[in-house]
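Participant:
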Amino acid sequence: MSISPRDLLTRMFTAAVNAAQPEHCLPRFLPKPPKKGRTIVIGAGKASAEMARVLERHWPGELTGLVVTRYGHAVPCERIQIVQAAHPVPDGAGRAAAGRMLDMGRQVTADDLVICLISGGGSALLPLPGDNMMLQDKQAISRALLKSGATISEINCVRRHLSAVKGGRLAAAFHPARVVNLLISDVPGDNPVDIASGPTVGDPTTCADALDIVRRYAIELPKGARWLLETGEGETVKPDDPRLARVETHLIATPQMALEAAAEVARKAGVTPVILGDSIEGEARDVAKVIAAIALQAKRHGQPAGAPCVLLSGGETTVTVRGAGRGGRNVEFLLGLALALDGAPDIFAVAGDTDGVDGLEDIAGAFVTPDTLARAWALGIRPRDSLDANDGHGFFGALGDALVTGPTLTNVNDFRAVLVGLPGKG
Numbered sequence: 046m047s048i049s050p051r052d053l054l055t056r057m058f059t060a061a062v063n064a065a066q067p068e069h070c071l072p073r074f075l076p077k078p079p080k081k082g083r084t085i086v087i088g089a090g091k092a093s094a095e096m097a098r099v100l101e102r103h104w105p106g107e108l109t110g111l112v113v114t115r116y117g118h119a120v121p122c123e124r125i126q127i128v129q130a131a132h133p134v135p136d137g138a139g140r141a142a143a144g145r146m147l148d149m150g151r152q153v154t155a156d157d158l159v160i161c162l163i164s165g166g167g168s169a170l171l172p173l174p175g176d177n178m179m180l181q182d183k184q185a186i187s188r189a190l191l192k193s194g195a196t197i198s199e200i201n202c203v204r205r206h207l208s209a210v211k212g213g214r215l216a217a218a219f220h221p222a223r224v225v226n227l228l229i230s231d232v233p234g235d236n237p238v239d240i241a242s243g244p245t246v247g248d249p250t251t252c253a254d255a256l257d258i259v260r261r262y263a264i265e266l267p268k269g270a271r272w273l274l275e276t277g278e279g280e281t282v283k284p285d286d287p288r289l290a291r292v293e294t295h296l297i298a299t300p301q302m303a304l305e306a307a308a309e310v311a312r313k314a315g316v317t318p319v320i321l322g323d324s325i326e327g328e329a330r331d332v333a334k335v336i337a338a339i340a341l342q343a344k345r346h347g348q349p350a351g352a353p354c355v356l357l358s359g360g361e362t363t364v365t366v367r368g369a370g371r372g373g374r375n376v377e378f379l380l381g382l383a384l385a386l387d388g389a390p391d392i393f394a395v396a397g398d399t400d401g402v403d404g405l406e407d408i409a410g411a412f413v414t415p416d417t418l419a420r421a422w423a424l425g426i427r428p429r430d431s432l433d434a435n436d437g438h439g440f441f442g443a444l445g446d447a448l449v450t451g452p453t454l455t456n457v458n459d460f461r462a463v464l465v466g467l468p469g470k471g
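Start counting at 1 in the sequence shown, then tack on 45, and there's your number in the numbering used here.
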């Protein structure tokens, strides 16, 4: 086989990202323009600006709107205003954008069409606090949740009940207009209420659920946030609320679609793809041990597939940050994987966030090769110490094995590929 393991892994990652590009997945879900009334576009997320640009390109009539995306992820649009804000810890620009969207909802009629473009990252980008809360409160709670080891579903449950815009509130604000949600999923299970904390879909969870999560992870709440949860004043809009009767929701891209695209690249290269799951969760280092064991089983015993094969998976692992490192669930996974494989020959891996940002770093992820540990020791780096410090980014950066893509303008969560039985140096 002429292709190197690293090149094949890179092609699979690229295919996964391309499968979720708005240009490929959005146009076929566009609704027909209203017979009378306006078309208004709103949205939030790391992919929302690119979604807006594609919508403009394919929309046959007039439209106007406002979309908020992460700093560095904006693209030029002619009719839809693009606002940039902070992620994952929210800032004032996101708060202002969320307030403007609510104001837009006060001007609609039943003849209007609202197209809502939502993708991963939208939760932090629409940080309008609930009553008796300040933006600083939201920021502190976000930081604590991100470091706690809570799942994304748990984090978003708390966010919904401390928000003035999430948990269906944004859709309710646009009643009685027709609302069409076009969602790119970045969450395990593809539950719309967890994508950007569900600003335009009904939420079946309760304030009591959010309180249980806060207690489980010992998150300290400011007085206003605790009041919202304990009194029930932070309750969200429920799925049977009549204000949501004219809301329809479409998942236009998902992690499974990305995995299938990568699998096709592997097949064409003569490598058997094995999709382990699109919604794998858990501590990144623990998931790494399990997938390393499967890779070694494939190499030694040809199960679940004989070599050459590639183990593909998606989802969103967690990192409980205890050390002084910068976190990053994909690099934490890879460092744990390298340690578990312990230099096993002919096993290579890539893991990266499909938005190009792993944790707080503008680095998508990294590569693992059979000599990853040996090269680290030769540089005086102790891999176990790096893992204990949650310093995967520092570790792979020192080895020159970081995966840097820049903003991909989409987001279908993490992509992991472990290539077994293909000889090479990377």
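Glycine included, each C-beta is placed from N, C-alpha and C at the ideal position.
Exposed or buried, which one is Asp459 when buried takes at least 16 other CB atoms within 10 Å?
Facilitator: Counting Cβ neighbours within 10 Å, Asp459 comes out buried, since at least 16 surround it.
Participant: Helix or strand or just coil, what does DSSP make of Asn375?
Facilitator: Note: Asn375 maps to helix in three-state DSSP.
Participant: Using a 10 Å radius around the Cβ and a threshold of 16 neighbouring Cβ atoms, would you call His118 buried or exposed?
Facilitator: By the 10 Å Cβ count, His118 comes out buried.
Participant: Using 8 Å as the Cβ pair cut-off and three pairs as the minimum, do the stretch 261–273 and the stretch 188–199 touch?
Facilitator: Result yes; three or more Cβ-Cβ pairs closer than 8 Å.
Participant: Whole angstroms is fine: what's the gap from Gly425's alpha carbon to Asp436's?
Facilitator: In a straight line, the C-alpha of Gly425 is about 15 Å away from that of Asp436.
Participant: If we call anything under 8 Å between Cβ atoms a contact, is His206 one with Ala255?
Facilitator: Yes, they are a contact pair.
Participant: How about Val366 and Lys192: do their beta carbons lie closer than 8 Å?
Facilitator: Yes.
Participant: Residues in the same chain with beta-carbon distance under 6 Å from Val159, minus the five sequence neighbours each way, listed in chain order, please.
Facilitator: Correct list, in chain order: Ile85, Phe219, Ala222, Val224.
Participant: Rank Gly165, Asn456, Ala421, Gly451 by C-alpha distance to the C-alpha of Leu444 and give the top, closest one.
Facilitator: The shortest Cα separation from Leu444 among Gly165, Asn456, Ala421, Gly451 belongs to Ala421.
Participant: Please list the segments of the alpha helix (DSSP H) lying wholly inside the stretch 115–161, counting only runs of 4 or more residues, in order along the chain.
Facilitator: Whole alpha helix (DSSP H) segments, 4+ residues: 137–150.
Participant: Let me check understanding here. Comparing Cα to Cα, which of Pro428, Val310, Asn177, Leu71 lies closest to Leu274?
Facilitator: Here the closest residue by C-alpha is Asn177.
Participant: Could you name the residues of the same chain whose beta carbon sits closer than 6 Å to that of Val232, not counting the 5 residues immediately before and after it, in chain order?
Facilitator: Here the set comprises Ile197, Asp239, Ile240.
Participant: Quick one: what's got a C-beta closer than 8 Å to Pro105's C-beta in the same chain, skipping five residues either side?
Facilitator: Closer than 8 Å at the Cβ level, and outside the excluded window around Pro105, lie Pro78.
Participant: Distance, Cα to Cα, Gly370 vs Leu432?
Facilitator: When rounded, the distance between both Cα atoms is 9 Å.
Participant: Tell me whether Ile186 sits in a helix, a strand or coil according to DSSP, three-state version.
Facilitator: DSSP places Ile186 in helix when its eight states are reduced to three.
Participant: When you compare each of Thr453, Glu123, Arg115, Gly401 to Arg109 by their alpha carbons, which one comes out closest?
Facilitator: Per the sequence shown, residue 109 should be read as Thr rather than Arg. Comparing Cα-Cα distances from Thr109 to each of Thr453, Glu123, Arg115, Gly401, the minimum goes to Glu123.
Participant: If you scan the stretch 356–419 from start to end, which runs of the alpha helix (DSSP H) of 4 or more residues do you find wholly inside it?
Facilitator: With a minimum length of 4 residues, the continuous alpha helix (DSSP H) runs that stay inside the stretch 356–419 are 374–386.
Participant: Between which two residues does the beta strand (DSSP E) containing Glu293 stretch?
Facilitator: Residues 292–298.
Participant: Consult DSSP for Asp176 and reduce its assignment to one of helix, strand or coil.
Facilitator: Asp176 falls in the coil class under three-state DSSP.
Participant: What did DSSP end up calling Ala89 once you bin it into helix, strand or coil?
Facilitator: Strand at Ala89.
Participant: Whose C-alpha, out of Arg330, Ala64, Leu321, Gly368, is nearest the C-alpha of Gly377?
Facilitator: Reading off the sequence shown, one finds Glu at residue 377, where the question assumed Gly. Considering only alpha carbons, the answer is Arg330.
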